[in-house]
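A short write-up of the structure that comes next.
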Amino acid sequence: MECSIEHLEADNYSSWHTDMKVLLMERNCWRIVTGTETKSEDENYKALRDFNSRKDKAYNTICLNVSKAYRCVIDDIEDPVAAWKRLEEHFRPNSRTRIIELTDNFFSCRINPQEEIGIYAARIRSIVHQLKDAGKLINELYQAFQLIRFLQPEFNGIVQYIYRWDDKEFKFDKILQELIAEESRLKQSIKDQNETCAFQSIERNISKTPRSKSKPSSYKKNIQPTRKNTKVMKSPNTFIAESNLSQDYERDAWILDTAATSYFCSKKSLLRNFRPVKNLTMSVAVGGVRCDLKGIETVRMIFENNGELETVDLLNVLYSPRLRRNLISG
1 MECSIEHLEA DNYSSWHTDM KVLLMERNCW RIVTGTETKS EDENYKALRD
51 FNSRKDKAYN TICLNVSKAY RCVIDDIEDP VAAWKRLEEH FRPNSRTRII
101 ELTDNFFSCR INPQEEIGIY AARIRSIVHQ LKDAGKLINE LYQAFQLIRF
151 LQPEFNGIVQ YIYRWDDKEF KFDKILQELI AEESRLKQSI KDQNETCAFQ
201 SIERNISKTP RSKSKPSSYK KNIQPTRKNT KVMKSPNTFI AESNLSQDYE
251 RDAWILDTAA TSYFCSKKSL LRNFRPVKNL TMSVAVGGVR CDLKGIETVR
301 MIFENNGELE TVDLLNVLYS PRLRRNLISG
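Written out as structure tokens, the structure reads:
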């Protein structure tokens, strides 16, 4: 199996190191390069010949994947272990300057536009591992903070929620799981809104179709739906979009918001087991508007299902009298 990787240059050692490791593992030579596999002590000719063959293959693989400008660094040696170590010392010197550079790269690492959370987290981990190899450990608290530090405004709600975690939960891996789940919810919410807007646009175009003067009864029967029938034809996504986009709603109404991370209530009379809170705010994704929260409580909701009443308790509902609508997290 032939594999092709980018040759080692002055500015790609990190990616080259990873690619070369995979290539050497595929050729059963990586353990020789790292020194974990050495020449056998017995006099078995076949085993010795196999080891020497893989050792030569390891050096050959390393040398041929270094650009000609840098082959002079290892052209005086034939041992793959020594060649690998010399390249690492040349491109990753364990100096104070390099540690300072990596530390600066860590704290200035930002998520790129349209970049997925998982890719951004992998870039942070790569810098952390390089610092670890250089003898500098980054506290896990700083790693977790860096992961949520430069996120887009639509993640403000989940970030505020994560900041309320205790120290045992405030870990890099757990935060990453929450952010990936939130990213998936936001993508689905945008997709649903786009599909609903397209559906409503088609519906408006149908309603504006000119009526036929010759056969009004046939048109009314076959093309123009009555208002009652229009409600039946609408998909569930249409009702959600109309609730979110329309300004004609009652203050007691509850809106399903697929981007919300918590329940929010604006009417204190609906609350049960009210617990006041201080110095707690919520951030609205649109426009970055902040709103003070006054308490946490339980809201009991009663639904009619097939003629029978069912009760559902919404726990840990956040209360703010400034909210214009009540939100149910989707």
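Residues 1 to 330 (UniProt numbering) make up the sequence shown, in order. Just so you know, even glycine gets a beta-carbon here, dropped at the ideal spot from N, CA and C.
Cutting at 7 Å between CB atoms, please list the residues of its own chain near residue i, excluding the five before and the five after it.
| i | result |
| --- | --- |
| N273 | E297, T298 |
| W254 | N326, I328 |
| I175 | A144, L147, I148, I162 |
| R227 | For R227, the pLDDT reaches just 47, beneath the cut-off of 50, and the residue's location in the model is therefore unreliable, although a value from the coordinates is still provided. Closer than 7 Å at the Cβ level, and outside the excluded window around R227, lies no residue. |
| N65 | I5, H7, L8, M20 |
| Y70 | L8 |
| D76 | none |
| T230 | Confidence at T230 is low in this model, with a pLDDT of 43, below 50, so its placement is unreliable and no value can be given for it. |
Taking buried to mean at least 16 other C-beta atoms within 10 Å of its own C-beta, is residue i buried or exposed?
| i | result |
| --- | --- |
| M301 | exposed |
| C29 | buried |
| R54 | buried |
| M25 | exposed |
| L315 | exposed |
| Y120 | buried |
| F303 | exposed |
| Q130 | buried |
| D257 | buried |
| residue 335 | The structure shown has nothing for residue 335, since the chain only spans 1 to 330. |
| F155 | buried |
| I111 | buried |
Taking the alpha-carbon positions, what's the residue i to residue j distance?
| i | j | result |
| --- | --- | --- |
| G295 | K171 | 27 Å |
| H90 | E115 | 32 Å |
| D133 | D79 | 23 Å |
| K136 | T18 | 20 Å |
| I158 | M20 | 38 Å |
| I240 | R164 | At I240, the pLDDT of 45 sits below 50, so the modelled position is not reliable and the matter cannot be decided from this model. |
| V22 | V33 | 12 Å |
| T261 | C63 | 53 Å |
| L323 | L186 | 21 Å |
| K234 | L271 | Residue placement at K234 cannot be trusted, given a pLDDT of 46 that sits under 50; what the coordinates show is reported in the next sentence. About 33 Å. |
| residue 344 | Y319 | There is no way to answer for residue 344, as the model of the chain reaches only from 1 to 330. |
| S67 | R125 | 27 Å |
| D11 | E169 | 37 Å |
| F264 | E88 | 54 Å |
| E182 | L141 | 21 Å |
| P153 | G35 | 48 Å |
| F150 | I127 | 16 Å |
Looking only at its own chain, which residues have a Cβ that is under 6 Å from the Cβ of residue i, when we skip the five neighbours before and after it?
| i | result |
| --- | --- |
| P276 | G295 |
| R31 | E37 |
| I74 | A83, R86 |
| R280 | Looking at the sequence shown, residue 280 is not Arg but Leu. Within the same chain, L280 has close Cβ partners L293. |
| D313 | T298, R300 |
| P113 | none |
| K39 | F51 |
| A122 | none |
| F107 | none |
Per DSSP, residue i forms a beta bridge with which residues?
| i | result |
| --- | --- |
| V299 | L271, L314 |
| D79 | According to DSSP, which records beta bridges pairwise, D79 is partnered with nothing at all. |
| E308 | N305 |
| C72 | In the DSSP output, where bridge partners are listed per residue, C72 has none listed. |
| D257 | S329 |
| M282 | C291 |
| C265 | Y319 |
| P153 | DSSP output for P153 lists no bridge partner at all. |
| V66 | L8 |
Please return the same chain residues whose Cβ sits closer than 8 Å to the Cβ of residue i, not counting the five positions on each side in sequence.
| i | result |
| --- | --- |
| I180 | I117, G118 |
| R27 | R54, K57, A58, T61 |
| S266 | R251, Y319, S320, P321, R322, L323, R324, R325, N326 |
Below 7 Å, is the gap between the Cβ of residue i and the nearest heavy atom of the ligand NAD?
| i | result |
| --- | --- |
| Y163 | The model depicted lacks the ligand NAD and carries no ligand whatsoever. |
Whole alpha helix (DSSP H) runs in the region 89-145 with 4 or more residues, listed along the chain? 96-107, 117-133
Let me know the alpha helix (DSSP H) ranges lying completely inside the region 8-51, each 4 residues or longer, listed in chain order. 13-26, 30-34
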